[in-house]
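To start, the structure itself, in structure tokens.
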Amino acid sequence: MSVEFKGFALTDPAAWNELSLYSYQPKTFLDEDVELAITHCGVCGSDVHSLTQGWGNTRLPLVVGHEIVGNVTRVGAKVTEFKVGDRVGIGAQIGSCMQCRRCQTGNENYCLKLIDTYVRVFPGHQFRGRRLTDVRQNDVYPDGVVTQGGYSTAIRAHERFVFKIPDAIESKDAASMFCAGLTVFSPLKANGAGPGKKVGVIGIGGLGHYAVLFAKALGAEVYAFTHSLSKLEDAKKMGADHVISTHDEDFYKPYQGELDLIISTIDVFRPDRPLKVYLSMLFVHGKFINVGLPDNDNPLPPMHAFDLQPNGAFIGGSHIGSKTEIMLTRSLARRVQCSTSHCLTRR
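Going by numbering that gives the first Met the number 0, the letters in the sequence shown line up with residues 0 to 346, in that order.
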């Protein structure tokens, strides 16, 4: 029997914020798959970049959304973790090869054959008149069905990419953890954020507020950098030990050589502020990890090789997170209370 899901889809790239109801066939249901009826879906910056074609032209119709919460309605014959009725979430990744070294070592979020929930990097496309290393296009399941996101009635995924939600966390608060929360928790954990460490967070938006909450919950001393004066008090309520306005041209000078780790969540850098400004705040062998993803025509600030040498700085990136890491965020969330009205670290 043919099954149809329905979602709100982009059909006209010139009207990116006017979505239309769209019916489509889901991927083939397999023995290790879980199907859920979607109840909530967060709004991620990735959704806006995709809808506005900022990451490249997408195949239409396109249903975005990858901060998904719902209730399990069907499980495959080989599913062991879930049962019908479970409240679960799905993030920005919905599949991988399961066989490669990366998948076998718990790094499935870096699998070269990963399946994104609704978009994927493809190399060598033209964008706005020039050739790019890679841009975003709709991803495809192994059966050839085009992936669609969570602004829809239902979704199917391999159980490895489905996560139970603790009873203590409301669905409306859990949704954004599956992309924004995981995206910053992964580099915090991987780079040793914890007691005795000083962590800087650049940008207090969707990702940044989670970075502050999680870094503080892990035991780090947290420095929050924001250009929005309205967010200064919010950052303090989230647990930041120091809140710095980047409106001051010399904002970085008091903190030069201080930070062990910087998580940069912003996707627009000031053109007159080179990367060395941020790198100068790192302690010896400190790390600058970028997780903000700008439009394709908005690159990172310029830098020179000499900018890395004064403190032996490292520059890196991070891509969402693994199943192991999302499970760790569940225990961390017991120490952090998040809601749409406030975010406070429990003492």
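Cβ coordinates follow ideal geometry from the N, Cα and C atoms, glycine included.
Over the uninterrupted beta strand (DSSP E) stretch that includes aspartate 259, give me the two end residues.
-> Within the sequence shown, the letter at position 260 stands for residue 259. It spans 258-263 - the beta strand (DSSP E) in which aspartate 259 sits, taken as one unbroken run.
Is arginine 329 helix, strand or coil by DSSP?
-> For the purposes of this step, residue 329 is identified with residue 330 of the sequence shown, where counting begins at 1. DSSP places arginine 329 in helix when its eight states are reduced to three.
Between alanine 36 and the rest of its own chain, which residues show a CB-CB distance below 6 Å, the 5 nearest in sequence each way excluded?
-> Along the sequence shown, read from residue 1 onward, the residue named residue 36 stands at position 37. Same-chain partners within the cutoff: Gly69, Asn70, Thr72, Ala153.
Selection from Thr328, Arg269, Ala156, Pro298 that minimises the alpha carbon distance to glycine 53 | Here residue 53 corresponds to residue number 54 of the sequence shown, with the count starting at 1. Cα-wise, what sits closest to glycine 53 is Pro298.
Where the beta strand (DSSP E) through leucine 281 begins and ends | Within the sequence shown, numbered from 1, the residue matching residue 281 stands at position 282. That run of the beta strand (DSSP E) goes 281-289.
What do you get for glutamine 308, buried or exposed, if any count of 16 or more other CB atoms within 10 angstroms of its CB means buried?
-> The residue you call residue 308 lines up with position 309 of the sequence shown. Under this definition glutamine 308 is an exposed residue.
Can you tell me where the alpha helix (DSSP H) with glutamate 232 in it begins and where it stops?
-> Position 233 of the sequence shown holds residue 232. Note, glutamate 232: alpha helix (DSSP H), 231-237.
Proximal residues to asparagine 108 (C-beta, below 7 Å), its chain only, five neighbours per side dropped = For the purposes of this step, residue 108 is taken as residue 109 along the sequence shown, with counting starting at 1. Excluding positions up to five away in sequence, the list reads Gln92, His318, Ile319, Gly320, Ser321.
If we count Cβ pairs, one from each stretch, closer than 8 Å, do we get three or more for the segment 145-161 versus the segment 111-118?
-> Yes: at least three Cβ pairs fall under 8 Å.
Using the rule of at least 16 other Cβ atoms within 10 Å of the residue's Cβ for burial, across every protein chain shown, is glycine 195 buried or exposed?
-> Start at 1 with the first residue of the sequence shown, and residue 195 comes out as number 196. The residue is exposed, with fewer than 16 neighbouring Cβ atoms inside 10 Å.
The alpha helix (DSSP H) with valine 211 in it runs from where to where?
-> Numbered from 1 along the sequence shown, position 212 holds the residue referred to as residue 211. Looking at the DSSP string, the run of the alpha helix (DSSP H) that includes valine 211 is 205-216.
So, helix, strand or coil for alanine 76, using DSSP?
-> Walking along the sequence shown from the start, residue 76 turns up at place 77. The answer is coil: DSSP assigns alanine 76 none of H, G, I, E or B.
Does the pairing of the segment 1-8 with the segment 17-30 give three or more beta-carbon distances under 8 Å?
-> yes
Give the single residue among Thr225, Met280, Arg100 whose Cα lies nearest to the Cα of serine 244.
-> Position 245 of the sequence shown, counted from the first residue, corresponds to residue 244. Nearest of Thr225, Met280, Arg100 to serine 244, Cα basis: Thr225.
Every unbroken beta strand (DSSP E) inside the segment 131-190 [3 residues or more] | 133-136, 153-157
CB of leucine 258 within 8 Å of CB of lysine 197, strictly | Reading the sequence shown from its first residue, position 259 is the one you call residue 258. Reading the sequence shown from its first residue, position 198 is the one you call residue 197. Less than 8 Å separates the beta-carbon of leucine 258 from that of lysine 197.
Grouping DSSP H, G and I as helix and E and B as strand, with all else coil, what is glutamate 34?
-> Taking the first residue of the sequence shown as position 1, residue 34 is located at position 35. Reduced to three states, the DSSP call for glutamate 34 is strand.
Count the other C-beta atoms from every protein chain shown that fall within 10 angstroms of the C-beta of glycine 88, then say buried if there are 16 or more, exposed otherwise.
-> Stepping through the sequence shown from its first residue, residue 88 is reached at position 89. Classification of glycine 88: buried, given that the 10 Å Cβ count is 16 or more.
Identify, in the order they occur along the chain, each residue of the same chain with its Cβ nearer than 6 Å to the Cβ of alanine 189, setting aside the five sequence neighbours on each side.
-> Translated into the one-based positions of the sequence shown, residue 189 becomes position 190. Cβ neighbours of alanine 189 beyond the five flanking positions: none.
Does DSSP classify glutamate 220 as helix, strand or coil?
-> Working through the sequence shown from its first residue, we reach residue 220 at position 221. In the structure shown, glutamate 220 sits in a strand (DSSP, three-state: E or B).
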